[in-house]
Amino acid sequence: MNIFNIIDSFQKFDGDAVGRLEHASRRMFMNRIGSKLAAAAIPVAFGTIVNKAFGATPTATDVLNYALTLEYLENEFYMIGNGTSGLIKTEYAPVFTQIGKHEKAHVDFLVAALAASAVKKPTFDFPAVFPTVFTDFATFVTVSKALEDTGVRAYKGQAGNLITSKPLLEYALQIHSVEARHASIARRILGKISGDATIKGWISNDTGFPAAVYAGEGNVVQGTLNLPGVAGLEAISFTNITEAFDEPLTMDEVLKIAGPFIKAM
Amino acid sequence: MVNRRYFLRSAGVAAATGAFILGACTDHDIQGDQTVDLGSGDVGILNYAYALEQLEAAFYTQVMMTPYAGMSAEEKMILTDIRDHEIVHRQFFKAALGGAAIKGLTPNFSSINFSDRASVLGAAKLFEDTGVQAYNGAGKLIVSADYLLLAGKIVSVEARHASAIRDLLMPNTGSFAGDDVLVSIMGFGGFDGAVPPSVILPAVQPFVMDKISGANLPS
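Same order as they appear, the protein sequences are chains F and V.
Start counting the first sequence at 371; every next residue gets the next number (the numbering used here).
Start counting the second sequence at 180; every next residue gets the next number (the numbering used here).
Below, the structure written as structure tokens:
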């Protein structure tokens, strides 16, 4: 969720909102002194202005800061999870250690790439949304799966906004597919520990929890083709067709998923 | 010709040979020397993807036609699903390209022992990792945002496959996104490769009987 650039953007649209969110301006965040003023009130006003701001086409910097904010979220999630004794079943510890290592690398990369333009890490609160996330392994894996599947969809949704920034597009694609590797293993672990064989490495139809993460994944129209009617696919199930394509999410769709984890900016 | 040594080890394989003809042949894209020219521009990139998907779909079709001994229920589910996904990708590209599509390619899997788990899963790992790197490398060559998004919709599924196959080979380790396959950018790790067609095509050529040319692809 690119809160910071959204705030920048909405200032161009809505003068009143500037007053409501004066403490949240990007300038304040860029200034360490101002970061102390990041208030709990921000997320309240945030949802009301966000849709307007999303009307603008994001710049490459906006997209990278959006990615960075999601990577901050993932990185902190795994730092806490991997650091919580007794949470992760021993046999799966190497998996989540590897995921955590990548998310930290993605954060470090994006911070370095954005340099002075990099947004600051928000304050996250995972138990506020899922109270047992760091005490119950199944909940932890459920949230891991949801974050990774969201990450895949979020990066995918920004590819078009980077189409004229070729090196950045390629870097984003190189992270995007790693998020998909993460998602696949998190999903498969959840399937195993929950005994639910319908949870596979790939997304079947639009099934999954939380529902907002999987909305639209049941799409079977690709390009102009309605795939169930395409020659050679007569023997392929509808579910398998939905699994074969992952779908993007827009910034505002991702906001609705990730926003509740953000306590303050 | 395709080396049939491995297929003859399993019963019922005679029927499988027909599966090597992957689609209706068109000859407009075949040069005098029978080289398959992928073409240029976005169409060339789509044909490039179509060629890779043909290879993957044929591979998994063969895998499930002659399953190796001791294939677990989980492995069967995963390999069957992947087969179907790759068929969807192949038929999607074929239909989307229409008259601009290259012909159905004839694979050469003579280096793969379909009766051996390690050989099959090792090949699957290679194909999936290569597919991910190929799509990642092709992204910046695509002009149309619509095609870029479509490639993005497919590459993440290939990455999901790669993760699952790698985890079958080395369960519950970091191999699903292993340091052996990921690369670093500016000193930061955790990235999949992005490999251009000029590198991918020579790497996959041994698995295809037809000579494939990407000489006219964008770069």
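Each residue gets a CB set at the ideal place from its N, CA and C atoms; glycine is no exception.
Remember, predicted model here, so these are calculated numbers, not experimental data.
Where do the ends of the beta strand (DSSP E) carrying residue i lie?
{"i": "residue 636 of chain F", "result": "Limits of chain F in this structure are 371 at one end and 635 at the other, which puts residue 636 of chain F out of reach."}
{"i": "residue 633 of chain F", "result": "632–634"}
{"i": "residue 363 of chain V", "result": "362–364"}
{"i": "residue 288 of chain V", "result": "Segment: none, residue 288 of chain V is in no beta strand (DSSP E) and carries neither H nor E."}
If the cut is a Cβ gap below 7 Å, which residues of chain V does residue i touch?
{"i": "residue 601 of chain F", "result": "270, 274"}
{"i": "residue 533 of chain F", "result": "324, 327"}
{"i": "residue 464 of chain F", "result": "351, 352, 353"}
{"i": "residue 597 of chain F", "result": "267, 271"}
{"i": "residue 606 of chain F", "result": "263, 266, 267"}
DSSP on residue i, reduced to helix/strand/coil?
{"i": "residue 612 of chain F", "result": "helix"}
{"i": "residue 232 of chain V", "result": "helix"}
{"i": "residue 544 of chain F", "result": "helix"}
{"i": "residue 216 of chain V", "result": "strand"}
{"i": "residue 533 of chain F", "result": "coil"}
{"i": "residue 574 of chain F", "result": "coil"}
{"i": "residue 402 of chain F", "result": "Annotation note: pLDDT 27 at residue 402 of chain F (below 50); position unreliable, no value reported."}
{"i": "residue 559 of chain F", "result": "helix"}
{"i": "residue 266 of chain V", "result": "helix"}
{"i": "residue 392 of chain V", "result": "strand"}
{"i": "residue 589 of chain F", "result": "coil"}
{"i": "residue 466 of chain F", "result": "helix"}
{"i": "residue 493 of chain F", "result": "strand"}
{"i": "residue 499 of chain F", "result": "coil"}
{"i": "residue 600 of chain F", "result": "coil"}
{"i": "residue 417 of chain F", "result": "The pLDDT assigned to residue 417 of chain F is 37, lower than 50, so where the model puts this residue is not dependable; a value taken from the coordinates is nonetheless given after this. DSSP places residue 417 of chain F in helix when its eight states are reduced to three."}
{"i": "residue 409 of chain F", "result": "Low local confidence applies: a pLDDT of 32 at residue 409 of chain F is under 50, so the model's placement there is unreliable, with the coordinate-based value given in what follows. Coil."}
{"i": "residue 504 of chain F", "result": "coil"}
{"i": "residue 398 of chain V", "result": "coil"}
{"i": "residue 277 of chain V", "result": "helix"}
{"i": "residue 353 of chain V", "result": "helix"}
{"i": "residue 369 of chain V", "result": "strand"}
{"i": "residue 383 of chain F", "result": "Bear in mind that the predicted position of residue 383 of chain F carries a pLDDT of just 35, short of 50, making it unreliable; the figure below should be weighed with that in mind. Coil at residue 383 of chain F, not helix or strand."}
Find the residues of chain V that neighbour residue i, judging by a C-beta separation of less than 8 Å, and give them in chain order.
{"i": "residue 610 of chain F", "result": "260, 263, 264, 267"}
{"i": "residue 536 of chain F", "result": "319"}
{"i": "residue 457 of chain F", "result": "Under the 8 Å cutoff, chain V gives no residues; its nearest Cβ is about 16 Å from residue 457 of chain F."}
Please list the partners that residue i has in chain V, where partner means a Cβ-to-Cβ separation under 9 Å.
{"i": "residue 461 of chain F", "result": "350, 351"}
{"i": "residue 529 of chain F", "result": "318, 324, 327, 328, 330, 331"}
Count the other CB atoms within 10 Å of the CB of residue i; is the residue buried (16 or more) or exposed (fewer)?
{"i": "residue 395 of chain V", "result": "exposed"}
{"i": "residue 621 of chain F", "result": "buried"}
{"i": "residue 371 of chain F", "result": "Only weak support exists for where residue 371 of chain F lies, its pLDDT of 35 falling under 50; the value from the coordinates is given anyway. Flag for residue 371 of chain F reads buried."}
{"i": "residue 308 of chain V", "result": "buried"}
{"i": "residue 265 of chain V", "result": "buried"}
{"i": "residue 571 of chain F", "result": "buried"}
{"i": "residue 365 of chain V", "result": "exposed"}
{"i": "residue 449 of chain F", "result": "exposed"}
{"i": "residue 248 of chain V", "result": "exposed"}
{"i": "residue 492 of chain F", "result": "buried"}
{"i": "residue 384 of chain V", "result": "exposed"}
{"i": "residue 447 of chain F", "result": "buried"}
Can you list the residues of chain F that residue i reaches, using a CB-CB cut of under 7 Å?
{"i": "residue 335 of chain V", "result": "522, 526, 546, 547, 550, 616"}
{"i": "residue 356 of chain V", "result": "468, 472, 548, 551, 552"}
{"i": "residue 386 of chain V", "result": "In chain order: nothing, as chain F lies at least about 21 Å away."}
Between which two residues does the alpha helix (DSSP H) carrying residue i extend?
{"i": "residue 513 of chain F", "result": "507–528"}
{"i": "residue 342 of chain V", "result": "324–348"}
{"i": "residue 306 of chain V", "result": "296–317"}
{"i": "residue 381 of chain V", "result": "376–383"}
{"i": "residue 621 of chain F", "result": "621–628"}
{"i": "residue 567 of chain F", "result": "Here residue 567 of chain F belongs to no alpha helix (DSSP H), and DSSP marks it neither H nor E."}
{"i": "residue 583 of chain F", "result": "581–584"}
Since residue i meets chain F, which of its residues come closer than 8 Å, beta carbon to beta carbon?
{"i": "residue 332 of chain V", "result": "526, 592, 615, 616, 617, 618"}
{"i": "residue 367 of chain V", "result": "475, 476, 478, 479, 482"}
{"i": "residue 373 of chain V", "result": "540, 543, 544"}
{"i": "residue 221 of chain V", "result": "Correct list: empty, because the minimum Cβ distance to chain F is about 12 Å."}
{"i": "residue 364 of chain V", "result": "479, 541, 544"}
{"i": "residue 217 of chain V", "result": "Correct list: empty, because the minimum Cβ distance to chain F is about 19 Å."}
How would you list, in chain order, the residues of chain F whose beta-carbon sits under 9 Å from the beta-carbon of residue i?
{"i": "residue 342 of chain V", "result": "550, 551, 552, 553, 554, 555, 558, 571"}
query = According to a CB-to-CB cut-off of less than 7 Å, which residues of the segment 487–519 of chain F neighbour chain V?
reply = For the segment 487–519 of chain F, the set of positions with a beta-carbon nearer than 7 Å to some beta-carbon of chain V is empty.
inquiry  = Counting only Cβ-Cβ distances shorter than 8 Å, please list the residues of the segment 284–301 of chain V near chain F, keeping chain order.
reply    = none
task = Mind checking the segment 563–577 of chain F against chain V and listing, in chain order, the residues whose C-beta falls within less than 7 Å of any C-beta there?
result = 570, 571, 572
inquiry  = Along the segment 304–319 of chain V, where does the CB come closer than 7 Å to a CB of chain F? Name the residues.
reply    = 311, 315, 318, 319
task = Check each residue of the segment 224–257 of chain V: if its Cβ is closer than 8 Å to any Cβ of chain F, include it; give the result in chain order.
result = So the list reads 256, 257, given in the order they occur along the chain.
task = Closer than 9 Å, Cβ to Cβ, to anything on chain V: give me those residues from the segment 619–635 of chain F, in chain order.
result = none
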